[in-house]
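Every letter in the sequence shown is one number past the one before it in UniProt numbering, and letter 69, counting from 1, is 69.
Structure, as C-alpha cells:
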Amino acid sequence: MMQILINAYAVNPDWGSEPGMGWNWVVHLAMHCKVHVITEGEWRENIERELARLPQAGNIVFHYLPVPEKVRRMCWNQGDWRFYYHYRKWQKRALCLARQIMKDNRIDLIHQLNMIGFREPGLLWKIKGVPYVWGPVGGMENVPAAYARCAGWRQRLFVRVKNALNSFQSRWQPHVRRAVARSSVLVAAVEGVKSRMEEVYGKQAVVINETGCRPNLSGGRLLDKKEEFSLLWVGKADFRKQLHLAVSTLALLKDCEGLRLHICGVNPSEEGGRFIKQAENLGVSHMCIWHGVVPNAEILSMMRQSDLFFFTSIMEATSTVIAESLMARLPVLCFDTCGMSTVIDDSVGCKIPLSNPGRSARDFAERIRFFFHNRQVLREMDGAFLARQGELDWNRKAERMAGIYREVLKSRQH
Numbered sequence: 001m002m003q004i005l006i007n008a009y010a011v012n013p014d015w016g017s018e019p020g021m022g023w024n025w026v027v028h029l030a031m032h033c034k035v036h037v038i039t040e041g042e043w044r045e046n047i048e049r050e051l052a053r054l055p056q057a058g059n060i061v062f063h064y065l066p067v068p069e070k071v072r073r074m075c076w077n078q079g080d081w082r083f084y085y086h087y088r089k090w091q092k093r094a095l096c097l098a099r100q101i102m103k104d105n106r107i108d109l110i111h112q113l114n115m116i117g118f119r120e121p122g123l124l125w126k127i128k129g130v131p132y133v134w135g136p137v138g139g140m141e142n143v144p145a146a147y148a149r150c151a152g153w154r155q156r157l158f159v160r161v162k163n164a165l166n167s168f169q170s171r172w173q174p175h176v177r178r179a180v181a182r183s184s185v186l187v188a189a190v191e192g193v194k195s196r197m198e199e200v201y202g203k204q205a206v207v208i209n210e211t212g213c214r215p216n217l218s219g220g221r222l223l224d225k226k227e228e229f230s231l232l233w234v235g236k237a238d239f240r241k242q243l244h245l246a247v248s249t250l251a252l253l254k255d256c257e258g259l260r261l262h263i264c265g266v267n268p269s270e271e272g273g274r275f276i277k278q279a280e281n282l283g284v285s286h287m288c289i290w291h292g293v294v295p296n297a298e299i300l301s302m303m304r305q306s307d308l309f310f311f312t313s314i315m316e317a318t319s320t321v322i323a324e325s326l327m328a329r330l331p332v333l334c335f336d337t338c339g340m341s342t343v344i345d346d347s348v349g350c351k352i353p354l355s356n357p358g359r360s361a362r363d364f365a366e367r368i369r370f371f372f373h374n375r376q377v378l379r380e381m382d383g384a385f386l387a388r389q390g391e392l393d394w395n396r397k398a399e400r401m402a403g404i405y406r407e408v409l410k411s412r413q414h
C-alpha cells in the first residue's frame, strides 16, 4: 500500500471551509493509501473522536504541531497578514517533523494539501528523493476592483495593494517558484488558477476543486406549506463575501412580501453592526434575520428549510457551503466566477456576471424576484442535483487523487 505524507495545517471534522476540506481529503484518501498527516493541534480532540469511528482509521496517523491561541485567532481573521509570519515558522517546524517521519517510515510521496492559498506552499518541497504533489491550489486570481468603489478608502487601498502583491508573488515569490519546479503534479482548485500557472510557469496543471460532498447530507428540502420565501446567506464579515451587496439587493425587493434574508456567520453585536446599520438606512431591517455564528450542523438544517442560497462572494476557490447547498438540494444564486463558475449551472441555480455593485444588485434582485413569483422553478430543479453531487463526491475526488499518486510513482519506475 502507498504511504503518503500529507501537510495539512487545518483539519477539523466538525467545520466546513479549509478545516473541513482538510479532514475530508485525509479520510477519503485513507481508503486508498496510508496517510501520515502533519497538522496544527487546535482540533485534536475533534479529530481523535471521529477517527475512532472510522473503519479506515488504521490507515491514518496524525502528527500535531500546535500554535498559540493568538496565532489561531490571526489565522481565522481573514486579511490579518501577521498570520503569514507565524505560518512560515510553523512550516519550518513541519519540515523538521516531516524529515523525522520519513526516517521512521517508508514514505512514497509528499502531498502539500492546505492551506490552499498559493503564496505559502510550505517547505516540504525541500525534501528530495520522493515525488511531491501540490494542490489543490487557489488564490492566484485578483479581487475584482470594481467592487471596492463603494467601500471606504482603506478597503480600496487594501484591494489595490493585495492585487499588486498577488500578481507579483504569483510570478516571482521564490518559495512558490521552487515549489512549482519541484512538483511532480500541480493541482489547481479552479480553471483561473490552472491558466495562471500554465501562463507564468509553463507547467501543466490539473483541475480538482478543493471541496466535495458527503453522501450523508443528501436529504431533500422541507418546504411544504411554507409562506415565507427564505434566502440563506452564509459567510464572514469579509469584503470578499459582499454581505453589504446582499443587503443592498433587498432594497430593490421591498414589494416582495414575505421575503426574508437569513444571515449566518456574522455576529450582529460585533462585526455585523455596520450591516445592521445599512439595513436600517435602506429600510430593510424587517427583511433581515441575524443568526450569528452557528454550528455547521445548524446551517445544514437551515439549508433544508430555505428556498435559495444567496452567495454573493466575489473571490473564492470552491466554497464548502456551495457543495453543502448542492447536497441539501438548495438552488444557488451566485456570481459567474471562481469555483462557482464550473460547479453551478442553470440546472441547479443561477449565475450573474461580475460587473459593479450597483449593476450586480439589480441583476441579483431581478433573479430573486423571478424565483419569488415562480417558486415551482426552484422545486423543479430538485432532480438535477444528483448529477452535481456525483461530480463533487469525496470518494470520486479521492479516487482521482490516488490515481495521480499511482501515475507519478509508476512513472518513476521507468
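Where is the CB? At the ideal position from N, CA and C, for every residue including glycine.
Quick caveat, the model's predicted, so the values are computed rather than measured.
- In terms of Cα proximity to Leu124, the closest of Gln112, Ala181, Ser319, Gly135 is Gln112.
- Counting along the chain, Ile4 sits inside the beta strand (DSSP E) bounded by residues 3 to 8.
- Check the Cα spacing between Gly122 and each of Arg88, Arg182, Thr211: the tightest is with Arg88.
- Pairwise C-beta distances place the stretch 23 to 36 in contact with the stretch 382 to 398, as three or more of them are shorter than 8 Å.
- By the Cβ test, the stretch 325 to 342 is in contact with the stretch 369 to 388, since at least three Cβ pairs between them sit closer than 8 Å.
- Of the candidates Gly139, Met21, Glu18, Gly139 places its Cα closest to the Cα of Val176.
- Cβ-Cβ separation between Ala317 and Gly339: approximately 5 Å, consistent with a contact (criterion under 8 Å).
- For the pair of segments examined, the stretch 226 to 235 was found to touch the stretch 255 to 271: the number of CB pairs separated by less than 8 Å reaches three.
- Taking 8 Å as the cut-off, the beta carbon of Ala246 is found closer than this to the beta carbon of Phe310.
- Residues of the same chain with a CB within less than 6 Å of the CB of Ser355, apart from the 5 flanking positions on each side, do not exist.
- Note on geometry: alpha-carbon atoms of Asn46 and Ala10 lie some 12 Å from one another.
- For Gly292, the pairing in a beta bridge is given by DSSP as Cys264.
- Beyond the five residues adjoining it in sequence on each side, Gln155 comes within less than 8 Å, by CB distance, of Ala148, Phe239 in the same chain, given in chain order.
- Cβ-Cβ distances below 8 Å link Phe83 to Val71, Met74, Cys75, Asn77 in the same chain, with the five nearest sequence neighbours on each side left out; the list follows chain order.
- Note that the C-beta distance between Ile404 and Val133 is below 8 Å.
- Asp307 carries a coil assignment under DSSP once its states are collapsed to helix, strand and coil.
- The three-state reading of DSSP puts Asp393 in strand, counting E and B together.
- In this model, Pro144 and Pro13 are separated by some 32 Å (Cα to Cα).
- Only exposed fits Arg49, as fewer than 16 other CB atoms lie within 10 angstroms of its CB.
- Three or more beta-carbon pairs separated by less than 8 Å link the stretch 262 to 273 to the stretch 289 to 298, which places the two stretches in contact.
- Taken atom to atom, the span from the alpha-carbon of Asn209 to that of Gln278 is near 35 Å.
- It is roughly 44 Å from the alpha-carbon of Ala237 to the alpha-carbon of Lys103.
- Contact annotation, Ala205 with Ala188: C-beta distance approximately 4 Å; criterion of less than 8 Å satisfied.
- In the same chain as Arg214, and ignoring 5 residues on each side of it, the C-beta atoms closer than 8 Å to its own belong to Asn24, Met327, Trp394, in chain order.
- Annotated as proximal: Ser306 and Leu232, with beta-carbon spacing under 8 Å.
- Per the DSSP secondary-structure output, Ile38 pairs in a beta bridge with Asn7, His63.
- The shortest C-alpha to C-alpha distance from Asn59 to any of Leu51, Pro66, Leu65 is the one to Leu51.
- Less than 8 Å separates the beta-carbon of Gly265 from that of Gly235.
- The beta-carbon separation of His63 and His36, rounded to 7 Å, stays under the 8 Å limit for a contact.
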